[in-house]
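*Asks:*
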Amino acid sequence: MILQGKARAPVREVVLHCAAIRTGQFAHMGPFQVFATVNRWHTERGFKHGFGYHGLFMPDGTWYSGRPFTMTGAHVLGHNTGTLGFLLIESQQVTHIGRFDDWFTAAQAQAVKAKLREIDGIKQVSGHNDYAPKLCPGFHVESGDWL
Numbered sequence: 407m408i409l410q411g412k413a414r415a416p417v418r419e420v421v422l423h424c425a426a427i428r429t430g431q432f433a434h435m436g437p438f439q440v441f442a443t444v445n446r447w448h449t450e451r452g453f454k455h456g457f458g459y460h461g462l463f464m465p466d467g468t469w470y471s472g473r474p475f476t477m478t479g480a481h482v483l484g485h486n487t488g489t490l491g492f493l494l495i496e497s498q499q500v501t502h503i504g505r506f507d508d509w510f511t512a513a514q515a516q517a518v519k520a521k522l523r524e525i526d527g528i529k530q531v532s533g534h535n536d537y538a539p540k541l542c543p544g545f546h547v548e549s550g551d552w553l
């Protein structure tokens, strides 16, 4: 089990996010360029440690690490302790709550599930919209679909 932050809180949940970008905005960028762009956005918004997620998944399923899993994230107000934030880079601009495959790829679904299997102790997968009135991640997350 992963223990997070100074309080060593057990990590039991992963929260999925979308980038809230225009269709094609990151189409010609590699994972490092996407990370650097989101890091700049988060730094400009005053996030103490920049990139608030623990990693991101590109449309081809590539994983790019962000914050260490042992560091508290900055991805869902009031629910960062004991959670990991995973950013999925959408293929189409998220305009409503739809289905996973409206915005994301099968490669991303496979990669997220594989990453979740690597992490001991995860009991729940949720979406940002479970904690805030947002479209993010663009679909209703059901834990059973991921674990």
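The sequence shown begins at 407 in my numbering and counts up by one. For glycine and all other residues, C-beta sits at the position ideal for the given N, C-alpha and C. All figures in this text were calculated on a predicted structure; none of them were measured in a lab.
When burial is assigned at 16 or more other CB atoms within 10 Å of the CB, is M464 buried or exposed?
*Replies:* Here the question's residue 464 lines up with position 58 in the sequence shown. With 16 or more Cβ atoms within 10 Å of its Cβ, M464 is classed as buried.
*Asks:* Output needed for E419: all residues of its chain with C-beta closer than 6 Å, excluding positions within five of it in sequence on either side, in chain order.
*Replies:* Start at 1 with the first residue of the sequence shown, and residue 419 comes out as number 13. Only T489, Q530 meet the Cβ criterion.
*Asks:* In angstroms, rounded to a whole number, what distance separates the CA positions of M517 and I427?
*Replies:* For the purposes of this step, residue 517 is identified with residue 111 of the sequence shown, where counting begins at 1. For the purposes of this step, residue 427 is identified with residue 21 of the sequence shown, where counting begins at 1. As written in the sequence, residue 517 is Ala, which differs from the Met given in the question. Approximately 21 Å, taken between the alpha carbons.
*Asks:* So, for G533: in the same chain, excluding its five sequence neighbours on each side, which residues have a beta-carbon less than 6 Å away from its beta-carbon?
*Replies:* Indexing the sequence shown from 1 puts residue 533 at position 127. Hits under 6 Å: L422, P543, V547.
*Asks:* Of all the beta strand (DSSP E) runs that stay within the bounds of the region 465-536, which reach a length of 3 or more residues?
*Replies:* DSSP runs (the beta strand (DSSP E)) wholly in the region 465-536: 469-471, 489-494, 530-533.
*Asks:* Assuming G504 and A480 make a contact with CB atoms under 8 Å, what is their CB distance in whole Å?
*Replies:* As a working note, residue 504 is residue 98 in the sequence shown. As a working note, residue 480 is residue 74 in the sequence shown. About 26 Å; that fails the 8 Å criterion.
*Asks:* Flag K521 as yes if its beta-carbon sits less than 7 Å from any beta-carbon of chain C, otherwise no.
*Replies:* In the displayed structure, chain C is absent; only one protein chain is listed.
*Asks:* E524 to S471, Cα distance in whole Å?
*Replies:* Counting from one through the sequence shown, the residue named residue 524 turns up at place 118. Counting from one through the sequence shown, the residue named residue 471 turns up at place 65. Rounded to the nearest angstrom, the two C-alpha atoms are 14 Å apart.
*Asks:* With a CB to CB cut of under 8 Å and the five nearest residues on each side skipped, what residues in its chain are close to F438?
*Replies:* What you label residue 438 is simply residue 32 of the sequence shown in a count that begins at 1. Result list for F438: Y470, in chain order.
*Asks:* Would you give the residue range spanned by the beta strand (DSSP E) that V406 belongs to?
*Replies:* Residue coverage of the chain in this structure runs from 407 to 553, which leaves residue 406 outside it and unanswerable.
*Asks:* Any idea what DSSP makes of W439, helix, strand or coil?
*Replies:* Position 33 of the sequence shown, counting from 1, holds the residue named residue 439. It is Gln, not Trp, that sits at residue 439 in the sequence shown. The answer is helix: DSSP assigns Q439 an H, G or I state.
*Asks:* According to DSSP, simplified to helix, strand and coil, what is G550?
*Replies:* Indexing the sequence shown from 1 puts residue 550 at position 144. In this structure, G550 counts as helix in the three-state DSSP scheme.
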